[in-house]
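J.:
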Amino acid sequence: MRIIEELKEFTQIPGISGYEERIRERIIEEIKDFADYKVDAIGNLIVELGEGDERLLFMAHMDEIGLLITGITNDGKLRFRKVGGIDDRLLYGRHVSVVTEDKIIDGVIGAIPPHLSLGKGKDVIPWHELVIDIGAESKEEALELVKPLDFAVFKKHFSVLNGRYVSTRSLDDRFGVVALIEAIKDLVDHDLGGKVVFAFTVQEEIGLKGARFLANRYAPEYAFAIDSFACCNELTGDVKLGGGPVIRAVDNSAIYSRDLARKVLSIAEKNKIPIQIGVTGGGTDASVFQERCKALALSVPIKYLHSEVEMLQINDLENLIKLIEAIALEL
1 MRIIEELKEF
11 TQIPGISGYE
21 ERIRERIIEE
31 IKDFADYKVD
41 AIGNLIVELG
51 EGDERLLFMA
61 HMDEIGLLIT
71 GITNDGKLRF
81 RKVGGIDDRL
91 LYGRHVSVVT
101 EDKIIDGVIG
111 AIPPHLSLGK
121 GKDVIPWHEL
131 VIDIGAESKE
141 EALELVKPLD
151 FAVFKKHFSV
161 LNGRYVSTRS
171 LDDRFGVVAL
181 IEAIKDLVDH
191 DLGGKVVFAF
201 TVQEEIGLKG
211 ARFLANRYAP
221 EYAFAIDSFA
231 CCNELTGDVK
241 LGGGPVIRAV
251 DNSAIYSRDL
261 ARKVLSIAEK
271 NKIPIQIGVT
281 GGGTDASVFQ
291 ERCKALALSV
301 PIKYLHSEVE
311 MLQINDLENL
321 IKLIEAIALE
331 L
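Using UniProt numbering, the first residue of the sequence shown is number 1, and each one after it goes up by one.
(1) Under three-state DSSP, which class holds Gln290?
(2) Residues in the same chain with beta-carbon distance under 8 angstroms from Ala179, minus the five sequence neighbours each way, listed in chain order, please.
(3) In the structure shown, what three-state DSSP assignment does Thr11 receive?
(4) Residues in the same chain with beta-carbon distance under 6 angstroms from Phe10, minus the five sequence neighbours each way, listed in chain order, please.
(5) I'd like to know whether the C-beta atoms of Ser167 and Glu64 end up nearer to each other than 7 angstroms.
(6) Sort out for me which residues DSSP pairs residue 341 with in a bridge.
(7) Are the stretch 238-246 and the stretch 298-314 touching, with three or more C-beta to C-beta distances below 8 angstroms?
(8) So who's on the other strand from Leu90, going by DSSP bridges?
(9) Tell me, please, which residues DSSP counts as bridged to Lys38.
(10) Classify Lys209 as buried or exposed, calling it buried when 16 or more other Cβ atoms lie within 10 Å of its own Cβ.
(11) Need the endpoints of the alpha helix (DSSP H) that Ala261 sits in, please.
(12) Let's see if you can read the secondary structure: which residues bound the beta strand (DSSP E) around Arg79?
(13) Pick from Pro220, Ser307 and Gly71: whose alpha carbon is nearest that of Phe151?
(14) So is residue 344 buried or exposed if we call it buried at 16+ other beta carbons inside 10 Å?
(15) Between Ala215 and Phe154, is the Cβ-Cβ spacing less than 7 angstroms?
(16) I need the straight-line Cα distance from Leu145 to Asn74, nearest angstrom please.
(17) To the nearest angstrom, report how far apart Glu30 and Arg22 are at their CA atoms.
(18) Given that a residue counts as buried once 16 or more other Cβ atoms are within 10 Å of its Cβ, and exposed if not, what is Ser228?
(19) With DSSP run on the structure shown, which of helix, strand or coil describes Ile109?
(20) Suppose you measure from the CA of Ala328 to the CA of Glu141; what does that come to, to the nearest Å?
(21) Tell me the residue span of the beta strand (DSSP E) that contains Phe158.
(22) Starting from the Cα of Leu130, find the closest Cα among Ala136, Gly110 and Lys147 and give me that residue.
(23) If distances are taken between C-alpha atoms only, which option among Phe200, Glu291, Asp285 and Ser253 comes closest to Glu20?
(24) For Arg164, count neighbouring C-beta atoms within 10 Å of its own C-beta (all shown protein chains included) and say buried if the count is 16 or more, exposed if not.
(25) Just the C-alpha distance for Lys270 and Gln313, rounded to the nearest angstrom, thanks.
(26) Taking just the CA atoms, how far does Lys156 sit from Gln12?
(27) Considering Ala249, what are the terminal residues of the beta strand (DSSP E) in which it resides?
(28) Where does the unbroken beta strand (DSSP E) through Val166 begin, and where does it stop?
(29) Asp189: buried (16+ other C-beta within 10 angstroms of its C-beta) or exposed?
(30) Tell me, please, whether the stretch 84-96 touches the stretch 254-263 by the rule of three or more beta-carbon pairs shorter than 8 angstroms.
(31) Which value, in whole angstroms, describes the spacing of the CA atoms of residue 348 and Val124?
(32) What residues in its chain sit with their C-beta under 7 angstroms from that of Lys185, if we drop five residues either side in the sequence?
Put into structure tokens, the structure is as follows:
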């Protein structure tokens with residue numbers, strides 16, 4: 001299935017906040033034959049379709065959570081700090097990919113075996129007490145491979161479960177990237193009745209920086225963030241994987257436009273697109289546009305968010321793409 005292959009390719013590209021160059025270059029390769037593009041001063045990749053007033057803005061962020069290399073110990077281990085919301089429980093005993101200017105090398109965050117724990121080891125070890133081992137035996141040897149301000153991401157394994165579910169790291173928000181790419185390709189030859197802007201944003205995971213920069217340039221009538229919906233527990237109610245795309249009505253960053261939510265519900269119903277509405281945590285790029293226009297977050301439900309095993313249902317993503325295109329043509 002083509003959408004699965006696209007997800008596999010785009011999720012495997014490393015790019016933490018502030019280091020989005022690789023994913024941006026790959027998106028450009030994908031869209032350059034379909035539409036013109038530009039890169040703004042902060043690094044957002046922007047495609048404008050249609051003419052006239054700015055009617056709609058769709059955003060998906062390119063960056064992912066990860067680790068920034070901050071120093072090297074005398075015995076050749078890498079010190080780091082977290083970039084974005086990473087649970088310390090996920091770091092201990094993990095494989096990572098260390099990304100330098102010209103290569104990607106393997107590393108591990110070691111774990112004390114139970115044989116040597118001396119009755120300890122049950123508490124979560126905080127990130128600042130951990131190091132990355134790249135097999136170097138000295139600071140000098142490590143510096144031949146890695147420099148401070150290089151970065152690392154969890155080593156990524158891509159799984160297709162029962163033919164319907166995809167599980168891997170960085171579905172947040174590479175599924176949104178894939179959705180916007182597909183929408184651009186499908187909409188480029190349509191009369192959109194105004195200008196529709198598609199933005200692949202930077203630095204969302206550390207405070208919506210790319211979207212804030214966009215908000216100083218664009219004043220659309222409606223703004224949409226295409227981002228994850230953390231699912232599924234008592235906070236998120238009846239939202240489930242396989243139930244369709246989600247209107248992310250409320251999260252920690254915003255109570256989104258109810259009027260716009262009703263319009264989207266109507267469009268989904270008209271086009272026979274299954275849709276859910278729900279509440280979750282976190283925040284999205286759409287929240288920074290609330291003072292300028294009606295804003296809304298559109299999502300697919302994702303289990304195990306911000307872990308190595310994020311999971312979505314393929315039909316939800318396919319229906320989200322249909323919904324984005326229907327909104328662009330009808331709103």
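Backbone N, C-alpha and C define an ideal beta-carbon position, used for all residues, glycine too.
Predicted, not measured: the structure shown is a model, and the values here were computed from it.
T.: Straight from the coordinates:
(1) Here Gln290 sits in coil by DSSP.
(2) Excluding residues within five positions, the ones whose Cβ falls inside 8 angstroms are Ala60, Ile226, Leu317, Leu320, Ile321 and Ile324.
(3) helix
(4) Arg174, Val177 and Val178
(5) No, the Cβ-Cβ distance between Ser167 and Glu64 is not below 7 angstroms.
(6) The chain is shown from 1 up to 331; residue 341 falls before or after that span and cannot be answered.
(7) The stretch 238-246 vs the stretch 298-314: in contact.
(8) Its beta-bridge partners do not exist; DSSP assigns none.
(9) DSSP, once it has assigned bridges, lists Ile46 as partnering Lys38.
(10) Answer is buried; the Cβ neighbour count reaches 16.
(11) Looking at the DSSP string, the run of the alpha helix (DSSP H) that includes Ala261 is Arg258 to Lys270.
(12) Leu78 to Val83
(13) Per the Cα distances, Gly71.
(14) Any property of residue 344 remains undetermined from this structure, which presents the chain solely from 1 to 331.
(15) Against a cut-off of 7 angstroms, the Cβ pair of Phe154 and Ala215 comes out as no contact.
(16) One C-alpha to the other measures close to 15 angstroms.
(17) 13 angstroms
(18) buried
(19) strand
(20) Going by the C-alpha atoms only, they are around 54 angstroms apart.
(21) Run containing Phe158: none; DSSP gives neither H nor E here.
(22) Gly110
(23) Closest in alpha carbon position to Glu20, among Phe200, Glu291, Asp285 and Ser253, is Phe200.
(24) exposed
(25) 23 angstroms
(26) Cα to Cα, the separation comes out at about 7 angstroms.
(27) Val246 to Val250
(28) Start and end: Tyr165 to Ser167.
(29) exposed
(30) no
(31) The structure shown does not extend to residue 348, since the chain is modelled only from 1 to 331, so the question has no answer here.
(32) Phe34
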